[in-house]
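In the order they appear, the protein sequences are chains A and B.
The numbering used here numbers the first residue of the first sequence as -10 and each following residue consecutively.
The numbering used here numbers the first residue of the second sequence as -10 and each following residue consecutively.
There are 2 protein chains.
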Amino acid sequence: VTSELTDDGVLAANAAFYQALEAGDMAAMDALWVCGDDAVCTHPGRTPLCGWTDVRRSWAAIFSAGGNPQVIVTDERVTRRGGVAWVSATENMLAGGNTAVATAINVFEHDGRGWHMIVHHAAPIMR
Amino acid sequence: VTSELTDDGVLAANAAFYQALEAGDMAAMDALWVCGDDAVCTHPGRTPLCGWTDVRRSWAAIFSAGGNPQVIVTDERVTRRGGVAWVSATENMLAGGNTAVATAINVFEHDGRGWHMIVHHAAPIMR
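Given below as structure tokens:
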């Protein structure tokens, strides 16, 4: 499904991202992301990481520390322009007994075979 | 310059956004944004506003309260895919004697005549 050039295909790729995050599945992250200089990842409250080398290292560190949260994703909203699309979503996270809420923009690019994440930008919501 | 289908055109549109923000210039915001349902704006620490009606109302409220900050923009990084592009940037803000730092992803769309902002997603950086 993540291969379809449709809004549903984008949503499937977005779901695959959160499944990989919850599972701490580095191989799934490798398969999902655009593994080049254009990859940008902003963890909540942090400065952006630019380029797949730095982005990958951050996920590896999170996963090796067992810090992968449970995430309930709500308010998903897709905007698609051909082979580029972005999803706005609320991330309701539970990790180590703590809860946190963030709002994310996830940008995906279709490479002719499937959707790949090129930007993950999470912003903490202050309450 | 904001009409050029180039990275420089995107950067000019990004600069126009921060000029409008600093100046509290609602007419410039009207001219810059995609004024439709796809507009998404996330102010730092807040939940996303979806659709131009809600986005515009938020800017009008900020400007009428005199809350428009000074913004020094650093770390600009453009990624462009034809007529869609996004800029990652650090926003160093000064408002009412307070300073704040956020990291933003700004998405722009070219309508054949110029670049228009379709997503502004600002994330506070925690220190």
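Glycine included, C-beta positions come from ideal geometry on N, C-alpha and C.
CB contact check: residue i to chain B, cutoff 9 Å
| i | result |
| --- | --- |
| C39 of chain A | yes |
| P33 of chain A | yes |
| D(-3) of chain A | no |
| I61 of chain A | no |
| I94 of chain A | yes |
| G72 of chain A | yes |
| P75 of chain A | For clarity, residue 75 of chain A is Trp in the given sequence; the question names Pro instead. Chain B contact via Cβ: present. |
| T88 of chain A | no |
| T42 of chain A | no |
| T36 of chain A | yes |
| I51 of chain A | no |
Residue i burial status per 10 Å Cβ neighbour count (16 or more: buried)
| i | result |
| --- | --- |
| D27 of chain B | buried |
| L10 of chain B | buried |
| S77 of chain B | buried |
| I61 of chain B | exposed |
| M115 of chain A | exposed |
| R102 of chain A | exposed |
Alpha-carbon spacing of residue i relative to residue j, whole angstroms
| i | j | result |
| --- | --- | --- |
| A20 of chain B | S53 of chain A | 47 Å |
| C24 of chain B | A5 of chain B | 16 Å |
| H110 of chain B | P37 of chain B | 8 Å |
| W22 of chain A | T88 of chain A | 26 Å |
| S(-8) of chain A | W41 of chain A | 21 Å |
| M18 of chain A | W104 of chain A | 12 Å |
| V96 of chain B | W75 of chain B | 4 Å |
| R69 of chain B | P33 of chain B | 24 Å |
| D100 of chain B | G72 of chain B | 8 Å |
| G85 of chain B | Q8 of chain A | 42 Å |
| S47 of chain B | C39 of chain B | 11 Å |
Test: residue i CB closer than 9 Å to a CB of chain A
| i | result |
| --- | --- |
| M115 of chain B | yes |
| D19 of chain B | no |
| G13 of chain B | no |
| R46 of chain B | no |
| T79 of chain B | yes |
| H110 of chain B | yes |
Reference residue i; option with closest CA among the options
| i | options | result |
| --- | --- | --- |
| M15 of chain A | A:I51, A:D100 and A:E80 | A:I51 |
| I94 of chain A | B:D100, B:V90, B:V108 and B:G86 | B:V108 |
| T31 of chain B | A:V44, A:A74, A:M82 and A:A91 | A:A91 |
| G56 of chain B | B:C39, B:V29 and B:M82 | B:M82 |
| Q59 of chain B | B:V29, B:D43, B:E80 and B:T(-5) | B:E80 |
| A12 of chain A | A:V29, A:A49, A:D43 and A:V44 | A:A49 |
| T(-5) of chain B | B:P113, B:E98 and B:S47 | B:E98 |
| R45 of chain B | B:A84, B:G85 and B:M106 | B:M106 |
| A112 of chain B | A:Y7, A:V29 and A:R35 | A:R35 |
Under 8 Å by beta carbon: chain D residues contacting residue i
| i | result |
| --- | --- |
| E98 of chain A | This model lacks chain D altogether, as its protein chains are A and B. |
Taking 8 Å as the cut-off, does the segment -2 to 5 of chain A touch the segment 63 to 75 of chain B (at least 3 CB pairs, one atom from each stretch)?
Taking 8 Å as the limit for Cβ pairs, the verdict is that the segment -2 to 5 of chain A does not touch the segment 63 to 75 of chain B.
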